Structure formats: C-alpha cells, structure tokens
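Asker: Quick note, the sequence shown lines up with residues 18 to 235 if you use the working numbering.
Heads up, the beta-carbon is just placed ideally off N, CA and C, and yes, glycines get one too.
Bear in mind the structure is a predicted one, so any value in this text is a computation, not a measurement.
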Amino acid sequence: MALNKTEQELIWGRFSAFFEDGLIQDIINEGLLRKVSKNRIILDIGDDISFMPLVLEGSIKIMRVDPEQNELLLYYLEYGDTCAITLNCCVKKAKSSIRATTEQDSTLVLIPTSKMEEWMQKFHSWRAYVLESYQMRVNELLDSVDSLAFMNMGERLIKYLRDKAMVNNSEEIHITHREIANDLHTSRVVVTRLLKKLEAEQIIEHFRNKIIFKELQV
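1) Beta-carbon within less than 8 angstroms of S33's beta-carbon, same chain only, minus the 5 sequence neighbours each way: which residues are those?
2) Any idea if K22 is buried or exposed, counting beta-carbon neighbours within 10 angstroms, 16 or more meaning buried?
3) Since L71 sits in a beta bridge, which residues does DSSP pair it with?
4) Since K227 contacts I190 with CB under 8 angstroms, what's their CB separation in whole angstroms?
5) Please report the straight-line C-alpha distance between G30 and V206, rounded to a whole angstrom.
6) Measuring alpha carbon to alpha carbon, tell me which of A117, Q152, L201 ends up nearest M69.
7) Leaving out the 5 sequence neighbours to the left and right, which residues in its chain are closer than 8 angstroms to H194 when beta-carbon positions are compared?
8) Considering only their Cβ atoms, is the gap separating E232 from R179 smaller than 8 angstroms?
9) Quick check: what's the CA-CA separation for E95 versus A217?
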C-alpha cells in the first residue's frame, strides 16, 4: 500500500539531512510504514528476516535470549537507527539471532531485504549509513560486554536506569522489578535490594512499578 502524504513527509523529515533525494524516494516507494504499540515483539529469535526496520518514531530494545528464555539487553534503537545484527543477518540470509521489542509506541519503515545490496551499490549515503550503523552497534555491544565484565550489579543497574530514562526522554521509568531483572539477567530479589539502596543514596525515588531517576532532574 502506498504511503500517504503525511507518512512521506515523516520519512523526508527523518532522513533528508543524510540521505540523497533518490534514496529517500526509493524508501518511500519500497518501504512499508508500520505503527507498533509498546512492548510488542517485532522480530524474534529464529525468525526469517524479510525486512530491515528503520526507526522513525519511538525506540526498540534489542536483546539476546538463552534457551530458557532469559533475556539480556544489548542496546536500544532510536529514531533514525537501524539494527546492525539484522543487517548482518540480511547479508547472510540467516535467521534472526536477536529479539527486538518496542520500548515505546513506535513508527517503523520496513525495507525489503532484497533492496539492501542494491542500495549499497547505488547510493553513497546508504553505504555510509550502513557502515556507521555497524560501528555504532559494535561500540554499544562493547559497552554491554564491559558492563558485564567490569561493573558490579549496582553499577549495571544505574547504567540501565540512565539509558532507559534517556531513551524515553523522561526521568519517570514505568517498570517492574521483574522486568528489570529480566533485562539485566539477574534475580528480582537482587534488583529489589539494589533499588532500596539507590533510594537510600537519593539516586532514585521508588514507587510501585515506577522509578524516578533523579540524575535527569534539572
């Protein structure tokens, strides 16, 4: 289905600063706009990959999942971003190795995988975008590895809350202890204990299913 005028204007507004006009027009002609509500899985482990998502609005969290369905947060995608792991799977025609879940209500434009290689050859800005996306995601994965290897759980929790507050552009984080524990691959009991400690240190304010991360307050 063709994109309407408002949807086309949204794509122009997001990408006109760094994509050629011809590429933006191809995105409009070939892409499928999709609005996805919060906390929906848009791509799961083992899925065939028929599209690559570009984020126009909202945010997505990218996670690894073990055989017991325990999740580990890798990084977030925000507007203008795409997922390097998905790009890599597209190139190799492999199944998805990650789970992608909407962090907020999000608007995506889905690009057919058949266009990836064609646009790499055709558009300099697309090639630069893909390479930059790889580099950004690699840096974020290294941050995740550093967090696991060198930070204690309290430091990881602070980084997690900071990242989530920044992605949502709000000091208020609406989340349960269980959800935090799942993302950090730890136990709910540990999260509860550490949140109480952070509240005592006045780093957060803690309510039922809501945390105020005070570092973001002016």
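Answerer: This is what the structure holds:
1) I41
2) exposed
3) V126
4) 7 angstroms
5) When rounded, the distance between both Cα atoms is 45 angstroms.
6) A117
7) Result list for H194: R205, V208, T209, L212, in chain order.
8) The answer is yes: Cβ separation under 8 angstroms.
9) 32 angstroms
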